[in-house]
Each structure stands twice: as structure tokens, then as C-alpha cells.
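Just so you know, the sequence shown maps onto residues 1 to 119 in the UniProt record's numbering. Here a beta-carbon is modelled for each residue, glycine too, at the ideal position from N, C-alpha and C.
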Amino acid sequence: MLGRTLLTLSATAQILGPFIADFNETHVKNPRWPPHARFHNGQTMSLGLGLGLATLYFTHRHAFSPASVAREKDSLMTAAVFGCLYWLTGLSAILYPGSLAVDPEFGEGFPQFWLFLGL
């Protein structure tokens with residue numbers, strides 16, 4: 001039960017988080033961003049949506065119907081993999097050359113670190 005709850009929370013954050021965090025002046029509405037940067041931001045937001053929906057599906061697909069223990073474990077493992085991918089890629093993004101977690105005009109550091117690590 002706790003596992004399903006945590007996966008559901010992670011999936012909800014994957015689905016909503018990128019849209020809440022990125023539809024503002026630091027990302028999508030940033031006039032200094034070139035169109036291709038916006039393209040990749042949209043791609044990342046859609047990736048969060050897709051992975052979140054896949055996580056929810058595999059987390060709850062056997063919740064209301066009889067399933068074998070093996071199928072249930074397989075579904076939860078698959079949900080956990082989908083549930084981790086978005087957050088792991090968020091942590092890895094800082095490793096790319098020239099990458100910054102925050103544009104210089106908005107501060108410095110990696111304020112998303114604990115969010116990515118925790119979910």
C-alpha cells in the first residue's frame with residue numbers, strides 16, 4: 001500500500017510539476033529563449049506527462065482485479081522504473097557541458113536537486 005501511494009505521488013509530481021515549474025518567465029515565457037530551447041522544454045514536459053501516466057497505469061492496473069503475485073510484482077517494478085526515469089534524467093542534466101540548473105539572471109545553484117533526488 002505504501003509503495004502504491006509513493007508511486008502515485010511521484011507520478012502526480014511528474015505529470016503536474018514540469019507544467020507548474022516551466023510555464024513562467026524562467027522557461028516557456030522567457031523571451032531570451034530561442035525556439036529550439038522551447039522545443040526541448042516542451043519535449044521534457046511531455047516526457048514527464050507520459051512517464052507519469054505510465055507510472056499510474058502500471059501502479060494501479062491490477063488494483064481492482066484479481067492478479068497473480070508475480071504479475072503484481074512485475075507491474076509495480078515496471079511502475080517504479082517509469083516513476084524514476086524523469087527524476088534521474090533531471091539529476092543527470094547538470095552533467096552536460098555548459099549546463100546550469102538555473103539561468104544566471106534567476107540565481108545560482110541547483111534548487112531542484114532535492115526534488116529530483118527525493119522523487
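So, helix, strand or coil for residue i, using DSSP?
i: His-40; result: helix
i: Gln-112; result: coil
i: Thr-12; result: helix
i: Arg-32; result: coil
i: residue 120; result: Residue 120 is absent from the model: the chain starts at 1 and stops at 119.
i: Thr-26; result: coil
With distances taken from CA atoms, which of the options is nearest residue i?
i: Asp-74; options: Trp-87, Tyr-57, Thr-89 and Tyr-86; result: Tyr-57
i: Thr-12; options: Val-28, Pro-66, His-27 and Cys-84; result: Cys-84
i: Leu-95; options: Phe-113, Pro-104 and Glu-105; result: Phe-113
i: Leu-115; options: Gly-107, Tyr-86, Glu-108 and Phe-106; result: Tyr-86
i: Met-77; options: Ile-15, Pro-97 and His-62; result: His-62
In angstroms, rounded to a whole number, what distance separates the CA positions of residue i and residue j?
i: Leu-111; j: Ala-101; result: According to the sequence as given, residue 111 is Pro; it is not Leu. Rounded to whole angstroms, Pro-111 to Ala-101 spans 8 Å at the Cα level.
i: Ala-54; j: Arg-32; result: 33 Å
i: Ala-80; j: Phe-64; result: 19 Å
i: Phe-34; j: Glu-25; result: First, the residue type needs correcting, since residue 34 is Pro and not Phe in the sequence shown. Straight-line Cα distance between these residues: approximately 13 Å.
i: Glu-108; j: Lys-29; result: 19 Å
i: Asn-41; j: Asp-103; result: 14 Å
i: His-27; j: Gln-43; result: 13 Å
i: Phe-23; j: Thr-8; result: 23 Å
List the whole-angstrom C-beta distance separating residue i from residue j, where the pair is believed to meet the contact cut-off of C-beta under 8 Å.
i: Phe-82; j: Leu-117; result: That pair is no contact at about 18 Å.
i: Met-45; j: Pro-18; result: 4 Å
i: Ile-20; j: Gly-48; result: Actually they do not touch by this definition, with Cβ atoms about 11 Å apart.
Along the chain, which unbroken stretches of the alpha helix (DSSP H) at least 4 residues long are found entirely within the segment 38–114? 69–92, all fully within the segment 38–114.
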